[in-house]
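Enquirer:
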Amino acid sequence: MIKNGFICLLLCIISLPQTYAKDNKFKKFIEEQNLIEKYKDYNQVIAFDSAIANVQETGLSYVTRKTLYVLIKSETASELSSIILDYDPLSADISIKESYIIRKDGSREELFSGEKVYDYPAPARMIYWGARQKMVEPGLLQSGDAVYIEYVRKGFTYALLQADDDDRYIPPMRGHYYDIVEFFDTKPIHQKYFRVNLPSSKDLVYETYNADFKVNISEADGQKIGEFELTEILPPKREFRSVGNVEIAPKVIVTTTKFWEDKSKWFYGVNEDYGSFESTPEIDLKVKEILEGAKDELDSIGRLNRWAADEIRYSGISMGEGEGYTLHSGDMNFTDRCGVCKDKAGMLITLLRAAGFESYAAMTMAGSKIENIPADQFNHSVTVVKLRDGSFKLLDPTWVSFVREMWSSREQQQNYLIGSPEGCDLMITPISAPENHYLKINNNATVDNDGNIEGTITVTAEGQSDATVRSIFTRSRKNQWESNLRNQVLQLYPNAVISEATYSDPYKYYEAPVLLTIKYSIPDFVKINGKTMVLKTMTSNGLFGYAQFYDGWSNSHKDRKYEIVGNCSQLVEITENISLPGKVKIQGIDDFNGGKQGKYVSIQTEAKIENGELKTKSTERYEQRVYPAEAWKEFVELIDIKNRFRQDFIIKF
Numbered sequence: 004m005i006k007n008g009f010i011c012l013l014l015c016i017i018s019l020p021q022t023y024a025k026d027n028k029f030k031k032f033i034e035e036q037n038l039i040e041k042y043k044d045y046n047q048v049i050a051f052d053s054a055i056a057n058v059q060e061t062g063l064s065y066v067t068r069k070t071l072y073v074l075i076k077s078e079t080a081s082e083l084s085s086i087i088l089d090y091d092p093l094s095a096d097i098s099i100k101e102s103y104i105i106r107k108d109g110s111r112e113e114l115f116s117g118e119k120v121y122d123y124p125a126p127a128r129m130i131y132w133g134a135r136q137k138m139v140e141p142g143l144l145q146s147g148d149a150v151y152i153e154y155v156r157k158g159f160t161y162a163l164l165q166a167d168d169d170d171r172y173i174p175p176m177r178g179h180y181y182d183i184v185e186f187f188d189t190k191p192i193h194q195k196y197f198r199v200n201l202p203s204s205k206d207l208v209y210e211t212y213n214a215d216f217k218v219n220i221s222e223a224d225g226q227k228i229g230e231f232e233l234t235e236i237l238p239p240k241r242e243f244r245s246v247g248n249v250e251i252a253p254k255v256i257v258t259t260t261k262f263w264e265d266k267s268k269w270f271y272g273v274n275e276d277y278g279s280f281e282s283t284p285e286i287d288l289k290v291k292e293i294l295e296g297a298k299d300e301l302d303s304i305g306r307l308n309r310w311a312a313d314e315i316r317y318s319g320i321s322m323g324e325g326e327g328y329t330l331h332s333g334d335m336n337f338t339d340r341c342g343v344c345k346d347k348a349g350m351l352i353t354l355l356r357a358a359g360f361e362s363y364a365a366m367t368m369a370g371s372k373i374e375n376i377p378a379d380q381f382n383h384s385v386t387v388v389k390l391r392d393g394s395f396k397l398l399d400p401t402w403v404s405f406v407r408e409m410w411s412s413r414e415q416q417q418n419y420l421i422g423s424p425e426g427c428d429l430m431i432t433p434i435s436a437p438e439n440h441y442l443k444i445n446n447n448a449t450v451d452n453d454g455n456i457e458g459t460i461t462v463t464a465e466g467q468s469d470a471t472v473r474s475i476f477t478r479s480r481k482n483q484w485e486s487n488l489r490n491q492v493l494q495l496y497p498n499a500v501i502s503e504a505t506y507s508d509p510y511k512y513y514e515a516p517v518l519l520t521i522k523y524s525i526p527d528f529v530k531i532n533g534k535t536m537v538l539k540t541m542t543s544n545g546l547f548g549y550a551q552f553y554d555g556w557s558n559s560h561k562d563r564k565y566e567i568v569g570n571c572s573q574l575v576e577i578t579e580n581i582s583l584p585g586k587v588k589i590q591g592i593d594d595f596n597g598g599k600q601g602k603y604v605s606i607q608t609e610a611k612i613e614n615g616e617l618k619t620k621s622t623e624r625y626e627q628r629v630y631p632a633e634a635w636k637e638f639v640e641l642i643d644i645k646n647r648f649r650q651d652f653i654i655k656f
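Those letters in the sequence shown? Residues 4 to 656, per the numbering used here, in order.
1. Using only alpha-carbon positions, find the residue among S621, D215 and G147 that is nearest to N446.
2. Could you compute how far the alpha carbon of F656 sits from the alpha carbon of G533?
3. State whether the region 460 to 471 contacts the region 512 to 524, with contact taken as three or more CB pairs (one from each stretch) at a distance under 8 Å.
4. Where do the N-terminal and C-terminal ends of the beta strand (DSSP E) with Q573 fall, by residue?
5. I think I99 touches F115, with their Cβ atoms under 8 Å apart; what is that distance to the nearest whole Å?
6. Tell me where the beta strand (DSSP E) around R663 begins and ends.
7. Can you find the residues in the same chain that come closer than 6 Å, C-beta to C-beta, to P424, ignoring five residues on each side of it along the sequence?
8. How is the alpha helix (DSSP H) around S474 delimited, first residue to last?
9. S64 and G178: beta carbons closer than 9 Å?
10. With a cut-off of 8 Å on the beta carbons, I'd call Q627 and Q415 a contact; round off their distance for me.
11. Figure out for me which residue from Y419, F648 and V388 has the closest Cα to the Cα of A369.
12. Would you give the residue range spanned by the beta strand (DSSP E) that E374 belongs to?
13. Do three or more CB pairs link the region 42 to 54 to the region 187 to 205 at distances below 8 Å?
14. Mapping DSSP to helix, strand and coil, what is Y121?
15. Looking at the secondary structure, which residues open and close the alpha helix (DSSP H) in which V636 lies?
16. Measure the C-alpha to C-alpha separation of A252 and Y131 and round it to an integer number of angstroms.
17. Shortest alpha-carbon distance to K261 belongs to which of C341, T619, P239 and I376?
18. Can you tell me whether S486 is buried or exposed, with buried defined as 16 or more other CB within 10 angstroms of its CB?
19. Determine the direct distance from the alpha carbon of L355 to that of T70, and round the result to whole angstroms.
20. Just to confirm, is the Cβ distance from F243 to H560 under 9 Å?
21. Of the residues L143, K137, E82 and V199, which one's Cα is nearest the Cα of S53?
22. Helix, strand or coil, according to DSSP, for R489 in the structure here?
23. As a quick exercise: from L88, I373 and V587, pick the residue whose alpha carbon is nearest that of V120.
24. Less than 9 Å between the beta carbons of V139 and I220, yes or no?
25. Where does the unbroken alpha helix (DSSP H) through M335 begin, and where does it stop?
26. Which one or two residues does DSSP pair with R111 in a beta bridge?
27. Taking DSSP's pairing of strands, which residues face I320 in a bridge?
28. Determine the DSSP secondary structure at N532, reduced to helix, strand or coil.
29. Taking just the CA atoms, how far does L237 sit from K636?
30. On the DSSP letters alone, give me the boundaries of the beta strand (DSSP E) that L355 sits inside.
31. Do Q136 and D122 come within 9 Å of each other at the CB atom, strictly closer than that value?
32. Is it true that the CB of Y103 sits closer than 9 Å to the CB of E113?
33. At the level of alpha carbons, what is the spacing between H383 and W556?
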């Protein structure tokens with residue numbers, strides 16, 4: 004529950020004109036709340052964080068935010084030496100009203116000056132839309148010092164507009180408002196308060212997550228008011244491979260949109276009105292060229308998808324008005340040959356429509372789920388195409404460069420919203436079977452009487468496993484390709500001699516699954532002591548581990564609270580056939596045979612001696628990308644079995 008003292012403090016901040024009185028209130032608040040002692044295990048604490056959003060009929064919002072930071076440990080003062088505020092000048096504006104230091108002794112030092120407040124272009128990589136930052140620089144602080152900052156943000160943060168006066172700050176879905184307010188930080192927050200004031204004509208739709216909020220909804224003076232409060236918020240405790248903080252930590256989502264169908268129709272309309280998908284004679288000619296020799300419907304779609312994926316460079320250049328939510332026109336993308344995800348998706352839609360397909364844009368949240376409340380929880384744009392049988396097929400030209408899939412299965416179990424004229428509800432991407440992403444590693448080798456080994460390793464893969472195997476080529480210069488392949492063995496076995504290393508053409512990924520071959524020899528690979536041989540198989544050290552999505556996972560933590568995130572579903576099959584000198588017997592061979600069939604993950608291991616050969620095989624199945632917390636028990640068992648299987652073989656002559 005929120006302490007009444009916090010609300011009283013906020014009222015005092017608003018009402019007291021005397022700076023010394025306000026400073027005294029802050030100092031008294033820090034002492035009364037015993038913040039230094041209460042949060043002594045942390046470097047700093049946010050004493051309070053207050054945000055009040057005033058929304059107009061147009062959807063334009065003014066958010067006044069007041070925050071008090073307190074340094075706990077002097078040795079970590081650098082963490083509070085600067086406070087950075089991000090904004091985009093074409094859709095938002097930030098005005099810093101007050102900023103100063105309150106020293107432990109109660110004295111005050113102003114920060115609101117040209118020497119202490121900076122406004123500069125934000126660092127940019129791959130997306131060059133003119134974002135900026137404002138920074139306040141408190142400088143050196145000591146334990147017990149506090150920094151207060153108050154600023155007003157006008158506009159929104161999800162798209163870029165260009166217009167006159169306040170028009171540029173009105174959200175693209177005019178008349179509507181939304182906000183996602185995170186009630187967490189990397190540092191503790193002692194008290195946090197958010198209030199939204201809406202015109203009474205608007206719907207106030209909200210949801211709270213992951214905490215017991217104090218919520219008050221009221222109406223006064225022609226406004227609908229929503230208040231949300233929380234106290235003593237500690238930083239989220241991360242778990243191995245858990246979902247992001249935004250899914251596990253407290254947050255509030257507020258919107259004036261009641262139905263996803265309305266958001267869907269808006270997204271469709273804004274791009275159609277702009278003419279994002281209109282073709283040109285030059286584009287028509289390119290489509291004809293791409294589709295020459297196409298065998299069927301899916302082949303045609305695949306060719307167009309590959310062209311948009313491989314030929315449109317990921318580099319964001321601002322189009323001006325509508326940037327951020329409007330897809331660039333096909334003509335612009337075709338001419339510039341660059342763009343971000345929405346522009347690559349838009350280019351593909353233009354190509355598909357020029358070829359006679361029915362195609363639309365869709366929005367999603369890459370790497371995270373979308374809560375089922377119609378707010379703009381999107382960071383990625385993709386494409387859907389309607390097939391002859393009436394079904395829709397997802398396409399993603401951003402994520403499938405050098406990938407044999409038309410849709411990236413690294414995006415499975417991910418919500419998305421299609422922009423359609425009829426309006427669509429929120430949907431979720433399907434799970435892709437592990438067989439679609441197999442990784443097969445095989446080693447055929449011979450060990451001689453001196454313990455030397457000579458053999459051939461082959462690797463083949465499909466789907467996302469194929470793309471990952473192939474990445475040692477597609478993400479490197481051509482003159483590094485062969486050495487990258489050789490290094491897969493040499494980094495584990497430095498004394499190995501590689502006599503041959505071959506690979507299928509990395510750039511012709513669409514023709515067939517990848518195939519790698521390495522011929523090698525390693526002196527003194529096997530330890531021999533009299534009648535005993537100690538052998539560790541080639542693959543037991545994690546050979547081609549970079550392509551095994553779940554290799555190297557630790558099961559040291561037995562209990563889980565949050566969902567588990569992998570890269571993708573996957574099937575991993577590893578076999579070895581090693582010819583041994585003479586008649587041999589393996590000590591404790593039954594220990595290497597076993598398995599566990601689970602709902603989410605499975606493993607089967609096998610080892611045997613047959614005709615003088617040690618034959619081993621392990622098969623691992625990972626059924627999806629995101630797993631519930633209860634699936635961790637299956638992971639723990641799988642990792643135990645896998646580690647036992649990778650132990651040394653004791654071989655008796």
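All C-beta atoms, glycine included, are put in the ideal place defined by N, C-alpha and C.
Expert: On the basis of the data shown:
1. S621
2. 9 Å
3. yes
4. Q573 to S582
5. 7 Å
6. Nothing in the structure corresponds to residue 663, since the chain is present only between 4 and 656.
7. Y271
8. G466 to T477
9. no
10. 7 Å
11. Y419
12. Here E374 belongs to no beta strand (DSSP E), and DSSP marks it neither H nor E.
13. yes
14. strand
15. Val is not the amino acid found at residue 636; the sequence shown has Lys there. Looking at the DSSP string, the run of the alpha helix (DSSP H) that includes K636 is W635 to F648.
16. 31 Å
17. I376
18. exposed
19. 50 Å
20. yes
21. V199
22. helix
23. L88
24. no
25. G333 to D339
26. I105
27. Y131
28. strand
29. 27 Å
30. L355 -> not in any beta strand (DSSP E); alpha helix (DSSP H) instead, spanning C344 to A357.
31. yes
32. yes
33. 29 Å
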